[in-house]
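In this note's numbering, the protein residues as written are 71 to 393.
In this text, a Cβ means the ideal position worked out from N, Cα and C, and glycines have one as well.
Beneath this line is the structure, given in structure tokens, with notes to follow.
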Amino acid sequence: TPSQPDTPDEPTRPQPKRDSVYEMAASPRADDRTYAVQRWQREGYDRKPQGRLRLLEALAGRIDRETGLVLTKSFRESPPGVYESLDCLEHANPSIKRVIIDQLSRRELNDEERTVVAAVLQELEDTRDRLIDEALIRIGRPREGGLGRLIEARGPEWLKLGDGREILAKLDTKDLAALLSSKDENVRVLVVDLLGDRTDDLQIALSSLSRALKDDAQQVRRRAVEAVGNLRSGRGAWYLALALVGEKDQRTEELIRNALTRLPARSTTQYLRKLYKSKKLDNRKAAVSALRSLRNHEAIMALVGAVEDEDGDVRREALEALL
């Protein structure tokens, strides 16, 4: 029986060259671009150096919803290097650009990278919710008035959430203290809490908290008392003593006296004795009132001296404290 002729093999589609992925991504045909993006992701091009930049350049802004989701996921899960990310900004659509900016602002940058990132971001038009201002604050290069614009855009409630609190914690102490002028009581409370952690910038923190000790809002004053106590500096006794004299709320007064006992005893007494030497009557009253809260030898000796004060009220309070 004559043999059957061999059936010719189906012609095989030639395997595209490596760079043809990007050539297909540059095609005017939507189907070609979709296939290119699928292959780009499937074969790991997205993890290769310059992979995302080359794809964005090839797409030239023709990013449909599915492609946008693929790229967004790629940037979130495995961000490229700092400089590739910056180059990608020029070719990204708004949603991808947001992800890139957010990733840049949250990564550890050296000084050189921080300078370059700040320079690039400052040239971009900000979003309605002030994403650029937020990113610049995060990397430690805030623009003048940036925080105010950010709070105005997102509202005081944003500050009480995790991101808002994190942003405030990155501010230097002077900029943080400026927010004590906020009309929102909750903002002032949050600022006071954060100032209580600024032991590395003690003078500015204490000076700022001295204003908060006179705040109209009772909650702000109470939290300020706690913050001064947290700073653990005898210098804080000066401000607590002055607040003690003017405080009308009994519970807040108790908190002040308790905070005085938490400060280093020796330096606290020294600052109160200096305050007592003031020619101002209110200062001497404040010092004696604060000394009553202490039980160390130096405080008792200071009260003994105050028994001979020229003012009757001061003498009376010192005597009552010693009895």
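Same chain, Cβ closer than 7 Å to residue i, neighbours up to 5 away in sequence not counted
i    : result
P81  : Any reading at P81 needs caution, since the residue's pLDDT is 47, under 50, leaving its predicted position unreliable; the model's value is listed next. No residues qualify anywhere along the chain.
S252 : R258
D196 : I202, D203
D254 : P226
A301 : First, the amino acid is wrong: residue 301 is Leu here, not Ala. Around L301: G266, T269, L272, A275, L276.
E93  : none
R184 : I209, G210, R211
Residue i and residue j closer than 8 Å at C-beta
i    : j    : result
A248 : L265 : no
Y346 : A357 : yes
G304 : S280 : no
L394 : K230 : What the structure shows of the chain is the stretch from 71 to 393, and residue 394 is not part of that stretch, so it cannot be assessed.
A188 : I209 : yes
L351 : A313 : no
S165 : T142 : yes
G316 : L333 : no
Proximal residues to residue i (C-beta, below 8 Å), its chain only, five neighbours per side dropped
i    : result
L325 : R292, V295, E296
T243 : L265, R268, D271, I274, A275, S278
N366 : A335, R336, T339
V377 : R385, A388, L389, L392
Contact belief for residue i with residue j at Cβ below 8 Å, rounded distance in angstroms
i    : j    : result
L400 : V152 : Residue 400 is absent from the structure shown; the chain starts at 71 and stops at 393.
R354 : D381 : 7 Å
D245 : L206 : Actually they are not in contact, since the Cβ atoms of D245 and L206 sit about 13 Å apart, beyond 8 Å.
L201 : R168 : 6 Å
L373 : A360 : Not a contact, Cβ separation roughly 11 Å.
P149 : Q173 : 5 Å
R122 : E154 : 7 Å
T331 : A369 : Actually they do not touch by this definition, with Cβ atoms about 11 Å apart.
I170 : L191 : At roughly 10 Å, the Cβ-Cβ gap does not stay under 8 Å, so I170 and L191 are not in contact.
D18  : S97  : Outside the shown range of the chain (71 to 393) lies residue 18, about which nothing can therefore be said.
D199 : A223 : 5 Å
A329 : L310 : 6 Å
6 Å CB neighbourhood of residue i in its chain, flanking five on each side removed
i    : result
T322 : R291, R292
G375 : none
R343 : A372
D157 : L123
P212 : L206
R109 : V91
Short CB-CB distance (under 8 Å) between residue i and chain D
i    : result
L220 : The structure shown has no chain D; it contains just one protein chain.
Inspect the CB distances between the segment 89-106 and the segment 125-141 and report whether three or more fall short of 8 Å. yes
Minimum length 4: unbroken alpha helix (DSSP H) runs contained in the segment 225-307: 226-230, 232-239, 243-247, 255-265, 272-282, 288-301
Could I get the ranges of all uninterrupted beta strand (DSSP E) runs contained in the segment 317-382, with 3 residues as the minimum, in chain order? none
At 3 residues or longer, and completely inside the segment 82-146: list those beta strand (DSSP E) runs for me, N to C. none
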